[in-house]
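Student: According to this note's numbering, the stretch in the sequence shown is residues 300 to 691, in order. One structure, pasted below without further comment.
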Amino acid sequence: MTRTEKRISCNGREIILVGTAHVSQASIDEVTEVIKTETPDCVAIELDDQRLESLRNPENWRNLDIVKVLKEGKGFLMLANLVLSSFQRRMGVNAGVKPGDEMKAAIAVAEEMHIRTAMVDRPINVTLRRAWAKNSLWGKCKLLATLLSTAFDKEEIPPEEIEKMKDSSEMDSMMAELADYLPTVKEVLIDERDMYLARSIWAAGGTKTVAVLGAGHLPGVEKHIQALAAAEETTDVSAISEVPPAGVGAKIAGLVFPVAIVALIVAGFFKGGASYSLDMLVRWLLWNGSLAALGTLIAAGHPLAILVGFVGAPVATLNPVIGIGLFTGIVQAWAKKPKIEDMEHLNEDAGSMKTFYKNRILRVLLVFFLSSIGGAIGNFIAVPTLIANLAG
């Protein structure tokens with residue numbers, strides 16, 4: 300068995316970082332062996348409290364209120380989380396393990412040996428929201444494309460390839476590829492979490508600590524722990540624990556389309572009178588409403604949700620605080636109420652296109668997502684079209 304660990308001795312403390320592949324039986328065995336052999340006084344786990352609760356109580360999905368999720372503005376976060384979880388689950392199928400099994404094993408061994416545990420990762424919702432908020436428009440488009448391709452990727456990864464993910468050269472290559480394609484996402488998912496994990500591990504205390512985390516985090520976490528030992532860093536994580544507020548540019552951008560559309564239609568009135576202005580209004584309504592409705596249709600939304608997408612998209616555009624996806628998603632959830640079996644198979648159904656469409660909860664999220672995308676594209680097309688019409 301290939302051991303993936305780093306030992307750090309400093310300031311009278313010993314910290315043993317154990318790198319895992321998350322869906323590897325060998326990682327489960329290694330984590331168990333290290334904890335039993337080292338008998339630390341603290342085991343730090345790459346989990347947050349929410350993910351720990353999900354691992355311990357997988358039936359919590361039964362209490363899911365999808366309408367509440369949409370109203371709280373967490374539709375995209377939930378969809379992204381499910382896609383990532385489904386991808387990890389598919390990776391572990393051939394190895395016969397589930398994502399997080401090595402974390403559960405570490406917790407079980409620690410409890411058996413009466414060793415204190417500490418959850419040291421940043422909350423997943425904070426990480427995803429920071430990744431979204433810090434990206435440019437182009438970065439957001441690339442992130443969405445990556446998530447969509449990941450959601451329906453059928454490639455099966457053999458166990459030996461999973462084990463290679465613990466190898467530094469393989470991991471370095473993957474990180475370099477991610478940094479080139481999505482540098483902001485790499486910064487949030489890897490670099491920031493390296494810092495957060497290191498500071499949380501250090502703050503957890505203990506003379507000897509075993510920390511169980513993904514192999515990709517080992518180099519960065521080691522670097523930050525060394526800096527903490529040398530008093531070059533503090534354990535303060537507040538700067539990377541909050542979602543950055545929307546900048547002035549983003550706030551202005553949210554008002555651009557409503558103001559531009561109203562201004563163009565008013566300009567049309569002065570150029571050609573009421574009939575000309577009305578024609579421009581109809582053009583905008585058709586572009587915006589039709590593409591929102593088309594997005595809902597592609598998501599196999601209920602006919603009523605499609606109608607709401609068509610009628611509601613222009614209203615949502617003029618009020619940037621409310622997205623059309625909220626309306627279409629709620630209507631879809633009302634028309635096709637999710638069942639217990641949808642909640643029971645939520646993670647599994649997120650792994651293929653057929654079951655994604657079959658699951659009523661996932662269908663609601665898809666309606667929310669695609670209708671929102673459709674309405675946004677409609678606006679991007681409508682504004683230059685109206686400008687060209689006005690200039691003609």
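Positions of the beta carbon are idealized from the N, C-alpha and C atoms, including for glycine.
When DSSP labels each residue in this structure, what does Ser-435 get in the three-state scheme?
Tutor: Looking at Ser-435 - three-state DSSP - the assignment turns out to be coil, as it is neither helix nor strand.
Student: Go ahead and pull the three-state DSSP assignment for Arg-312.
Tutor: strand
Student: I believe Ile-314 touches Ala-510 by the beta-carbon criterion, under 8 Å. Please report the beta-carbon distance rounded to the nearest angstrom.
Tutor: Sure, about 6 Å apart at Cβ, within 8 Å.
Student: Judging by CA-CA distance, which residue of Val-630, Ala-649, Leu-554 and Thr-416 is the nearest neighbour of Ser-670?
Tutor: Val-630
Student: Which residue's Cα is closest to the Cα of Val-693: Ala-379, Ser-651 and Met-579?
Tutor: Residue numbering for the chain in the displayed model covers 300 to 691; residue 693 lies beyond these limits and cannot be assessed.
Student: I need the DSSP call for Leu-512, collapsed to helix, strand or coil.
Tutor: DSSP places Leu-512 in the strand class (E or B) of the three-state scheme.
Student: Return the chain-ordered list of same chain residues with a C-beta closer than 6 Å to the C-beta of Leu-584, the five sequence neighbours on each side being excluded.
Tutor: Pro-613
Student: Alpha carbon to alpha carbon, how far is Glu-518 from Lys-485?
Tutor: Looking at the sequence provided, one finds Pro at residue 518 rather than Glu. One C-alpha to the other measures close to 15 Å.
Student: Does the structure place the region 331 to 343 close enough to the region 496 to 513 that three or more beta carbon pairs sit under 8 Å?
Tutor: yes
Student: Measure the beta-carbon distance from Ile-423 to Asp-347 and round it to whole angstroms, keeping in mind my assumption that it falls under 8 Å.
Tutor: 6 Å
Student: On the three-state DSSP scale, how would you describe Gly-374?
Tutor: helix
Student: Look up Ala-343 in the DSSP assignment and say whether it is helix, strand or coil.
Tutor: strand
Student: Measuring only the C-alpha atoms, how far is His-644 from Val-408?
Tutor: 29 Å
Student: Rounded to whole angstroms, how far is the Cβ of Leu-369 from the Cβ of Ala-566, which I believe are closer than 8 Å?
Tutor: Incorrect: roughly 36 Å between the Cβ atoms, too far for contact.
Student: Taking 8 Å as the cut-off, decide whether the C-beta atoms of Leu-316 and Glu-521 are in contact.
Tutor: yes
Student: Can you tell me whether Glu-410 is buried or exposed? The criterion is at least 16 other CB atoms within 10 Å of its CB, across all chains shown.
Tutor: exposed
Student: Report the three-state DSSP secondary structure of Val-536 (helix, strand or coil).
Tutor: coil
Student: Should Ala-405 and Val-330 be called a contact, given that it needs their Cβ atoms to be closer than 8 Å?
Tutor: yes
Student: Go through its chain and collect everything with a Cβ distance to Ile-623's Cβ below 7 Å, but skip five positions before and after it.
Tutor: Residues Ala-591, Gly-608, Gly-611, Ala-612, Ala-615, Ser-670, Ser-671 and Gly-674 of the same chain have their beta carbon placed closer than 7 Å to that of Ile-623, with the five preceding and five following residues left out of the count.
Student: What would DSSP say about Thr-331, mapped onto helix, strand or coil?
Tutor: If DSSP states are grouped into helix, strand and coil, Thr-331 belongs with the helices.
Student: How about Arg-428 and Ser-540: are their beta carbons less than 8 Å apart?
Tutor: no
Student: Output the distance between the C-alpha atoms of Met-300 and Ser-326, rounded to the nearest integer angstrom.
Tutor: With a pLDDT of 44 at Met-300, under the threshold of 50, the modelled position of that residue is not reliable, and the figure given next carries that caveat. The alpha-carbon atoms of Met-300 and Ser-326 are separated by roughly 9 Å.
Student: Could you check the C-alpha separation between Trp-633 and Pro-602 for me, to the nearest Å?
Tutor: 12 Å
Student: Identify every residue that forms a DSSP beta bridge with Val-555.
Tutor: DSSP, once it has assigned bridges, lists no residue as partnering Val-555.
Student: Taking C-beta to C-beta, are Gly-253 and Ser-589 nearer than 8 Å?
Tutor: Residue 253 lies beyond the stretch modelled for the chain, which goes from 300 to 691, so this question has no answer here.
Student: Could you compute how far the alpha carbon of Thr-533 sits from the alpha carbon of Val-425?
Tutor: 21 Å
Student: Can the beta-carbon of Thr-319 be found less than 8 Å from the beta-carbon of Glu-401?
Tutor: yes
Student: Please look up how many angstroms separate the CB atoms of Gly-374 and Phe-655, rounded, as I've assumed it's under 8 Å.
Tutor: About 15 Å; that fails the 8 Å criterion.
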